[in-house]
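Trainee: Note that my numbering has the sequence shown beginning at 15, numbered continuously upward. We treat Cβ as the ideally placed atom computed from N, Cα and C, and that holds for glycine.
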Amino acid sequence: MKKRMALLAMATVLGLSMTACGGGGAKGGSATSTSGGTDKATSTSAASAGSTTASGDVANKDKPLVWFNRQPSNSSTGALDMTALSYNDKTYYVGFDANQGAELQGTMVKDYIEKNIATIDRNGDGTIGYVLAIGDIGHNDSIARTRGVRKALGTGVEKDGDINSEPIGTNSDGSASIVQDGSIEVNGKTYVVRELASQEMKNSAGATWDAATAGNTIGTWTSSFGEAIDVVVSNNDGMGMSMFNAWSKDNQVPTFGYDANSDAVAAIAEGYGGTISQHADIQAYLTLRVLRNALDGADIDTGIGTADDAGNVLTDDVYVYKADERSYYALNVAVTADNYQEFTDSTKVYDGASKQLDAGTHASKKVWLDIYNSSDNFLSATYQPLLQNYDDLLNLEVDYIGGDGQTESNITNRLGNPSQYDAFAINMVKTDNAASYTSLLDQ
Ligand code: BGC
15 MKKRMALLAM ATVLGLSMTA CGGGGAKGGS ATSTSGGTDK ATSTSAASAG STTASGDVAN
75 KDKPLVWFNR QPSNSSTGAL DMTALSYNDK TYYVGFDANQ GAELQGTMVK DYIEKNIATI
135 DRNGDGTIGY VLAIGDIGHN DSIARTRGVR KALGTGVEKD GDINSEPIGT NSDGSASIVQ
195 DGSIEVNGKT YVVRELASQE MKNSAGATWD AATAGNTIGT WTSSFGEAID VVVSNNDGMG
255 MSMFNAWSKD NQVPTFGYDA NSDAVAAIAE GYGGTISQHA DIQAYLTLRV LRNALDGADI
315 DTGIGTADDA GNVLTDDVYV YKADERSYYA LNVAVTADNY QEFTDSTKVY DGASKQLDAG
375 THASKKVWLD IYNSSDNFLS ATYQPLLQNY DDLLNLEVDY IGGDGQTESN ITNRLGNPSQ
435 YDAFAINMVK TDNAASYTSL LDQ
């Protein structure tokens with residue numbers, strides 16, 4: 015028996031490392047190596063081999079599927095891709111409330127300006143100038159954040175019934191048509207607020223939300239605008255921190271991001287203006303939890319709105335579920351100098367969902383999960399470590415696949431044998447590309 019276990023363990027390890035290698039491809043070195051996760055999955059499977067081979071009798075198209083972080087949707091119009099979101103009756107999306115978070119980010123920036131009005135206008139010209147780093151012009155979270163900031167600062171211009179979220183390039187004299195000059199009144203004095211520049215931070219290979227590009231761009235912006243830049247805003251902390259480290263920290267210019275990654279939260283003590291927690295602890299839990307529930311044949315609300323047998327449950331101030339969108343959305347919280355001490359470890363599991371499930375009643379299952387870009391700061395430094403904490407608690411043996419951030423096939427190539435898995439968690443490169451994955455499950 016022991017020998018059989020050992021053989022099985024070896025076979026599983028081999029299978030896994032083949033999956034890992036198979037995907038590497040020419041460019042994939044860094045992607046495959048994301049998978050600190052893959053190593054971990056390998057050792058977990060060795061330990062629990064025998065109990066976790068995918069149940070062969072369920073067709074791949076009927077297995078639980080969760081989309082996360084990139085909601086299946088049209089990247090031009092934002093319309094949800096309901097075909098992908100209801101691929102089967104065990105399909106869900108997990109993300110966060112993009113509009114609520116975007117509004118918080120905009121308000122956080124505006125509040126900061128108002129509170130610090132005495133010192134913020136560096137050249138004293140009565141105009142508060144800001145620059146904006148945009149993540150991905152086709153990603154609904156990025157679009158919402160650009161709109162949220164423009165709305166709060168009064169710089170937004172309507173287009174087709176919503177605030178235009180396109181990048182402006184540069185706008186030193188306020189003549190751009192995509193944005194307009196806003197105004198803020200503090201202590202009876204009115205200040206102009208101007209978006210001096212904004213740009214999608216995409217590198218030459220096509221990866222979006224690119225921190226290095228943002229770090230370079232701030233150099234270009236400061237040489238054009240100098241002391242006219244009073245505030246730096248970013249669609250996320252990866253790009254925000256890159257600009258902060260390259261320039262704003264030394265020049266004491268408040269910089270605002272999104273995600274509450276640990277490094278960004280720590281930087282608040284050094285002058286980073288603030289960030290938004292998108293409650294990654296709740297999202298990572300929900301990502302795996304909906305799979306666990308579907309695999310157990312349990313009510314989908316188990317361990318979410320209703321306590322599970324171990325006592326895990328979420329309070330309703332941390333998420334919402336929209337049944338018609340088959341989507342769970344975590345709620346956001348602003349993290350500023352006032353409260354950042356509570357957010358210093360972005361990889362800590364949520365207290366209410368930290369109890370181990372019993373392995374007898376919730377047998378170990380195998381999950382295929384990809385991170386679209388292994389160098390994305392938020393996903394690699396915050397989301398994946400959280401997933402790795404929860405996978406143990408939920409008895410899920412997860413194979414983590416890291417993509418290169420630009421080519422869907424770099425990831426789909428590594429879903430070569432879906433029958434090896436009981437469930438799938440998918441983070442697409444492009445929100446329009448759900449069918450590239452479901453077509454593999456259909457076969
Ligand atoms: C995060 C970004 C991240 C992006 C990747 C967003 O929700 O806030 O930091 O780069 O997802 O898809």
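(1) So, using beta-carbon positions, are Gly419 and Ile425 closer together than 7 angstroms?
(2) Under a Cβ-count criterion, where at least 16 other Cβ atoms within 10 Å of its own Cβ denotes burial, should Asp310 be classed as buried or exposed?
(3) Per DSSP, which residues does Thr105 bridge with? Please list them.
(4) Roughly how many angstroms lie between the CA atoms of Ala324 and Ala448, to the nearest whole one?
(5) Alpha carbon to alpha carbon, how far is Asp76 from Leu407?
(6) Heavy atom of the ligand BGC less than 6 angstroms from the Cβ of Asp331, yes or no?
(7) Is DSSP giving Leu410 helix, strand or coil here?
(8) With hydrogens ignored, establish whether the beta-carbon of Asn185 is closer than 6 angstroms to any heavy atom of the ligand BGC.
(9) Excluding sequence positions up to five away, which residues of its chain have a Cβ less than 6 angstroms from the Cβ of Ile182?
(10) Give me the Cα-Cα distance between Gln266 and Asn178, rounded to the nearest whole angstrom.
(11) Considering only heavy atoms of the ligand BGC, does any lie closer than 6 angstroms to the CB of Asn230?
(12) What are the boundary residues of the alpha helix (DSSP H) that Phe487 is part of?
(13) Is DSSP giving Ser197 helix, strand or coil here?
(14) In terms of residues, what are the limits of the beta strand (DSSP E) holding Phe258?
(15) Please work out which residues of its chain come closer than 7 angstroms, Cβ to Cβ, to Tyr335, disregarding the five sequence neighbours upstream and downstream, and give them in chain order.
(16) Any idea if Glu209 is buried or exposed, counting beta-carbon neighbours within 10 angstroms, 16 or more meaning buried?
(17) When the Cβ atoms of the region 223–233 are set against those of the region 125–140, are three or more pairs found closer than 8 angstroms?
(18) Does the beta-carbon of Trp223, which I'm using as the reference point, lie nearer than 6 angstroms to any heavy atom of the ligand BGC?
(19) Out of Lys379, Asn275, Val145, Asp352, which has the shortest C-alpha to C-alpha gap to Thr234?
(20) With distances taken between CB atoms, is the gap from Ala294 to Leu400 smaller than 7 angstroms?
(21) Here's a check: name, in chain order, each residue in its chain whose Cβ is nearer than 7 angstroms to the Cβ of Ser262, leaving out the five neighbours to either side.
(22) Within the same chain, show all residues whose beta-carbon is closer than 6 angstroms to that of Ala373, passing over the 5 residues directly before and after it, in chain order.
(23) Pull up the distance between the alpha-carbon of Met257 and that of Lys369, whole angstroms please.
(24) Note down, one range per segment and in chain order, each beta strand (DSSP E) of at least 3 residues found wholly within the region 285–360.
(25) Just to confirm the assignment, what range does the beta strand (DSSP E) spanning Gln213 have?
(26) Considering only C-alpha positions, which residue in the set Asn307, Asn217, Val332 is nearest to Gln114?
(27) Use the C-beta contact count for Gly220: other C-beta atoms within 10 angstroms, 16 or more gives buried, fewer gives exposed.
(28) Inspect the CB distances between the region 117–133 and the region 359–366 and report whether three or more fall short of 8 angstroms.
(29) Ile415 bridges to which residues according to DSSP?
(30) Please report the distance separating the alpha-carbon of Ala312 from that of Thr320.
(31) Compute the Euclidean distance between the alpha carbons of Ala283 and Asp277, then round it to the nearest angstrom.
Mentor: Concretely, from the data shown:
(1) no
(2) buried
(3) Leu79
(4) 34 angstroms
(5) Roughly 25 angstroms between the two C-alpha positions.
(6) Judged by the Cβ position, Asp331 fails to qualify as a neighbour of the ligand BGC at the 6 angstroms threshold, every heavy atom of the ligand being at least this far.
(7) strand
(8) no
(9) Around Ile182: Ala190, Ile192, Val193, Ser212.
(10) 30 angstroms
(11) no
(12) Because the chain here runs from 15 to 457, residue 487 falls outside it and cannot be looked at.
(13) strand
(14) Element bounds for Phe258: n/a, residue is neither H nor E.
(15) Tyr342
(16) buried
(17) Counting Cβ pairs under 8 angstroms, fewer than three are found: no touch.
(18) At a cut-off of 6 angstroms, the beta-carbon of Trp223 counts as near the ligand BGC: some heavy atom of the ligand is closer than that.
(19) Nearest option by C-alpha distance: Val145.
(20) yes
(21) Val246, Thr269
(22) Asn409
(23) 39 angstroms
(24) 289–291, 333–336, 341–344, 347–349
(25) Segment 203–214, the beta strand (DSSP E) holding Gln213.
(26) Val332
(27) The residue in question, Gly220, is exposed, as its Cβ has fewer than 16 Cβ neighbours within 10 Å.
(28) no
(29) Asp384
(30) One Cα belongs to Ala312, the other to Thr320, and the distance between them is close to 11 angstroms.
(31) 11 angstroms
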